[in-house]
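Okay, structure first, notes after.
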Amino acid sequence: MNPSMTSADGACYEYHGYTVTVGATSQDGENWLPAIDVERDGQQVELDAPESAVPFWATRAEALRAGIERARYLLDRRDGLLDERNPGRRG
Numbered sequence: 001m002n003p004s005m006t007s008a009d010g011a012c013y014e015y016h017g018y019t020v021t022v023g024a025t026s027q028d029g030e031n032w033l034p035a036i037d038v039e040r041d042g043q044q045v046e047l048d049a050p051e052s053a054v055p056f057w058a059t060r061a062e063a064l065r066a067g068i069e070r071a072r073y074l075l076d077r078r079d080g081l082l083d084e085r086n087p088g089r090r091g
């Protein structure tokens, strides 16, 4: 997976058939939050993730990297791939 980076928009990449766009927002220029947008076949995909669990990051670059990692984790969890990789997680 190689995200294509643009300075204005963040990262946009394909991951397991999803189109993932990750950006970063800041109210004060010091505390950054990743913003994740996911589509599949042109349709918006909602990720099941609590907003309050997302930490602030000191730089925009850190927020973008964290957003990419979080998007991959949430999509793997959504598709059941975490259970395949770790049989101990199965119920």
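Residue numbers (full-length UniProt numbering): 1 to 91. Even for Gly, the Cβ is constructed at its ideal location relative to N, Cα and C.
So what does L33 bridge to, in DSSP terms? T25
Can you tell me whether S4 is buried or exposed? The criterion is at least 16 other CB atoms within 10 Å of its CB, across all chains shown. Residue placement at S4 cannot be trusted, given a pLDDT of 45 that sits under 50; what the coordinates show is reported in the next sentence. Label assigned to S4: exposed.
Given a cut-off of 8 Å, decide if A24 and P34 are closer than it, judged by their beta-carbon atoms. yes
Rounded to whole angstroms, what's the CA-CA distance from R65 to D41? Just pull it up for me. 25 Å
Ends of the beta strand (DSSP E) at G10? 10 to 15
Taking the alpha helix (DSSP H) that D76 falls in, what are its first and last residues? 60 to 78
Under the rule that 16 or more other beta-carbon atoms within 10 Å means buried, what is G29, buried or exposed? exposed
Taking the continuous alpha helix (DSSP H) assigned at D41, which residues delimit it? D41 -> no alpha helix (DSSP H), and no H or E assigned at all.
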